[in-house]
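**Q** One structure coming up, written as structure tokens, with questions to follow.
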Amino acid sequence: KSSEQVFAILENLVRERGKTVVAVTHDLDMAARMDRRIHIVDGKIG
Numbered sequence: 531k532s533s534e535q536v537f538a539i540l541e542n543l544v545r546e547r548g549k550t551v552v553a554v555t556h557d558l559d560m561a562a563r564m565d566r567r568i569h570i571v572d573g574k575i576g
């Protein structure tokens, strides 16, 4: 539940205040909710 609360706060910053958020996660479900994803594999952007 904590990650959901943090995500809601970050989402609010983006939507209501026009902020950019850079997040790092191994949670694929959470990553799928992001507007843009950049994958890093073996230390390289892929």
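Position one of the sequence shown corresponds to residue 531 (my numbering), numbered consecutively onward. C-beta: ideal position from N, C-alpha, C; glycine also.
#1: Of the residues Ile568, Gly576, Met560, Met564, which one's Cα is nearest the Cα of Thr532?
#2: Identify every residue that forms a DSSP beta bridge with Ile570.
#3: Which value, in whole angstroms, describes the spacing of the CA atoms of Asn542 and His569?
#4: Distance check for Val551 and Val544, CA to CA, integer angstroms please.
#5: Taking only three categories from DSSP, how would you classify Arg563?
**A** Judging by the given coordinates:
#1: Within the sequence shown, the letter at position 2 stands for residue 532. The sequence shown places Ser at residue 532, not Thr. Residue Met560 is the option with its Cα nearest to Ser532.
#2: As a working mapping, residue 570 is identified with position 40 in the sequence shown. Per DSSP, Ile575.
#3: Numbered from 1 along the sequence shown, position 12 holds the residue referred to as residue 542. Numbered from 1 along the sequence shown, position 39 holds the residue referred to as residue 569. In this structure, the alpha-carbon of Asn542 lies about 24 Å from that of His569.
#4: Numbered from 1 along the sequence shown, position 14 holds the residue referred to as residue 544. Numbered from 1 along the sequence shown, position 21 holds the residue referred to as residue 551. Going by C-alpha positions, Val544 is about 7 Å away from Val551.
#5: Residue numbering aside, residue 563 sits at position 33 when the sequence shown is read from its first letter. Coil at Arg563, not helix or strand.
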